[in-house]
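Remarks on the structure that follows.
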Amino acid sequence: MAEPMLDVLIVGGGPVGLFLGCLLAKRGLSFRVLERRGSPGQHSRAIGIHPPALEAFRQVGLTEPLLAEGLRITRGLVTGENGPLGELGFATASAEFPFILSLPQRDTEAVLRRRLAELAPGSFCAGVELLELREEAKGLHVTTSQNGRPLELRARYVIGADGWRSRVREALGLPYPGHLYPDKYLMGDFPDTTPLGHTALVSLTGGGVVESFPLPRQGRRWVVHTGDQLSGAASALELTEVIARRTGLHVPAAECRMLSAFEVRRHRVPEMVRGRAVLIGDAAHVVSPIGGQGMNLGWLDAATLAPLLEQALASGGADWQHFERTRLRSARIAGHQAELNMAAGRPAGARAQRWRERLIEKVLLSPTAEPLLAQAFTMRWL
15 MAEPMLDVLI VGGGPVGLFL GCLLAKRGLS FRVLERRGSP GQHSRAIGIH PPALEAFRQV
75 GLTEPLLAEG LRITRGLVTG ENGPLGELGF ATASAEFPFI LSLPQRDTEA VLRRRLAELA
135 PGSFCAGVEL LELREEAKGL HVTTSQNGRP LELRARYVIG ADGWRSRVRE ALGLPYPGHL
195 YPDKYLMGDF PDTTPLGHTA LVSLTGGGVV ESFPLPRQGR RWVVHTGDQL SGAASALELT
255 EVIARRTGLH VPAAECRMLS AFEVRRHRVP EMVRGRAVLI GDAAHVVSPI GGQGMNLGWL
315 DAATLAPLLE QALASGGADW QHFERTRLRS ARIAGHQAEL NMAAGRPAGA RAQRWRERLI
375 EKVLLSPTAE PLLAQAFTMR WL
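Using the numbering used here, the letters of the sequence shown correspond one by one to residues 15 to 396.
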């Protein structure tokens with residue numbers, strides 16, 4: 015028996031695809047979310063949920079469950095080689111959410127999956143891999159493999175939310191211009207043994223930046239710029255030694271909960287919409303994770319896309335050019351900000367380090383700069 019024509023098929027069941035599914039369920043559209051993985055990923059990866067995303071989540075009843083699970087970061091402390099340079103508070107960034115919510119991505123995805131199951135039971139399909147995408151007169155024909163068995167699906171629109179290695183983008187034949195940065199980082203999650211509480215730390219040292227963010231359940235994430243000092247096989251002990259050398263803070267290496275080395279890249283598609291297929295999230299644009307913008311950028315793509323899909327399905331038309339133009343513009347701005355964040359945290363000689371510290375101290379002490387910085391770091395402009 016042939017599968018019925020769906021309104022929308024979402025390829026990719028990560029945080030962006032799950033949120034889009036919730037939005038479509040609230041609009042009464044027929045859809046499925048296809049996820050290649052057979053079981054949820056356990057890597058914590060992204061941890062920051064910004065105010066614009068929390069506002070968008072309210073549409074589908076996700077804000078309160080996420081707030082209950084996460085930890086609220088209300089300020090950041092910036093230090094240099096010889097002590098504090100200043101603080102940045104987020105009170106002016108949002109009247110309702112004057113903070114960045116810290117929650118590991120695996121926990122965020124779990125909340126999203128539960129909500130999707132409540133709104134549209136059976137819409138999430140795990141273990142499904144996209145094989146072929148073919149355009150038809152009234153929609154798209156999609157060939158997939160579900161746990162090794164062929165599955166043919168048809169939908170009026172297909173959304174690629176399947177990450178930077180997107181099979182949907184590949185099937186559409188779209189290029190993904192970009193580049194890999196020379197910067198390398200090592201991150202790990204540990205119990206929080208610092209006196210910092212709910213405060214984030216950015217330590218700008220000559221050897222490279224050390225960033226630290228509180229996590230729920232008395233945890234803390236540490237991220238260090240390594241350059242070529244450490245390899246991808248670096249140990250938790252090596253990470254904690256770098257932290258101690260640059261900041262003087264002790265982190266218990268034996269209690270490491272997660273360790274990951276990563277490189278940084280930037281990509282952006284020339285077009286997010288081709289025919290009845292749309293790319294969102296990392297399938298359309300990748301920015302450096304330094305600054306925590308990528309996942310939130312994808313959520314805002316989904317929030318902008320959902321009403322357009324509803325409109326297109328109801329009337330046959332939508333302003334896809336405006337969607338593409340504004341979302342690619344946001345990705346371009348996010349990419350530039352991420353580059354500035356990386357540049358500020360690269361290793362520097364003694365003279366350059368002194369100049370950098372004086373500049374940052376002057377900016378952080380300026381009463382006119384803090385509201386602008388707070389808005390930039392909480393993504394109010396996206």
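Every residue gets a Cβ at the ideal spot worked out from N, C-alpha and C, and that includes glycine.
So what does residue i bridge to, in DSSP terms?
i	result
histidine 155	Arg148, Arg168
glycine 103	Arg89
threonine 12	With the chain covering 15 to 396 only, the question about residue 12 has no answer from this structure.
threonine 219	Gly222
aspartate 203	Arg235, Met272
glutamine 160	Val142, Arg163
alanine 214	Gly90
phenylalanine 227	Arg235
glycine 192	His281
isoleucine 173	Ile24, Val292
lysine 198	Glu277
histidine 299	Arg282
proline 361	In the DSSP output, where bridge partners are listed per residue, proline 361 has none listed.
proline 98	Thr93
glycine 62	Ser116
What residue range is occupied by the uninterrupted alpha helix (DSSP H) comprising residue i?
i	result
threonine 318	308–329
isoleucine 257	250–261
arginine 365	364–379
glutamate 49	Looking at the DSSP string, glutamate 49 is not in any alpha helix (DSSP H); the run it does join, the beta strand (DSSP E), is 45–49.
serine 344	334–358
threonine 77	77–83
glutamate 184	181–186
glycine 28	Segment: none, glycine 28 is in no alpha helix (DSSP H) and carries neither H nor E.
Ends of the beta strand (DSSP E) at residue i?
i	result
glycine 233	233–239
glutamate 277	272–282
proline 65	Where proline 65 is concerned, there is no enclosing beta strand (DSSP E), although the alpha helix (DSSP H) it sits in stretches over 65–71.
glutamate 285	Element bounds for glutamate 285: n/a, residue is neither H nor E.
valine 25	20–25
leucine 117	Note, leucine 117: premise wrong, no beta strand (DSSP E); not H, not E.
Just checking residue i against the ligand MG - is the residue's beta carbon closer than 8 Å to any of the ligand's heavy atoms?
i	result
isoleucine 304	This structure lacks the ligand MG; in fact it carries no ligand of any kind.
Since I believe residue j is in contact with residue i (beta carbons under 8 Å), could you give me their beta-carbon distance rounded to a whole number of angstroms?
i	j	result
threonine 208	glycine 90	The pair is not a contact, with the Cβ atoms about 14 Å apart (cut-off 8 Å).
leucine 133	isoleucine 63	Actually they do not touch by this definition, with Cβ atoms about 19 Å apart.
phenylalanine 276	tryptophan 236	That pair is no contact at about 13 Å.
leucine 293	serine 180	7 Å
aspartate 197	glycine 233	Actually they are not in contact, since the Cβ atoms of aspartate 197 and glycine 233 sit about 25 Å apart, beyond 8 Å.
glycine 177	alanine 67	Contact doesn't hold; Cβ gap of about 18 Å is too wide.
alanine 107	glutamine 389	6 Å
alanine 358	leucine 218	7 Å
alanine 192	arginine 282	Reading off the sequence, residue 192 comes out as glycine, not alanine. Correct: roughly 7 Å between the Cβ atoms.
aspartate 121	glutamate 83	6 Å
Review point. On the three-pair Cβ rule with 8 Å, is the segment 313–323 touching the segment 272–281?
Key: no
Review point. Should the segment 133–151 be called in touch with the segment 256–268, which here means at least 3 C-beta pairs below 8 Å?
Key: no
Review point. Is there contact between the segment 346–353 and the segment 320–335, where contact requires at least three CB pairs shorter than 8 Å?
Key: no
Review point. Does the segment 34–41 touch the segment 124–137, meaning 3 or more C-beta pairs lie closer than 8 Å?
Key: yes
Review point. Counting Cβ pairs, one atom from each stretch, are 3 or more of them under 8 Å apart for the segment 352–370 and the segment 298–306?
Key: yes
Practice item. Would you check if the segment 354–374 and the segment 95–109 touch, i.e. whether three or more CB-CB distances between them fall below 8 Å? Key: yes
Point to revise | Validate contact between the segment 227–236 and the segment 378–387 using beta carbons, cut 8 Å, 3 pairs | key: no
**Study point:** Inter-stretch contact at 8 Å, needing at least 3 Cβ pairs: the segment 17–27 / the segment 163–174
**Key:** yes
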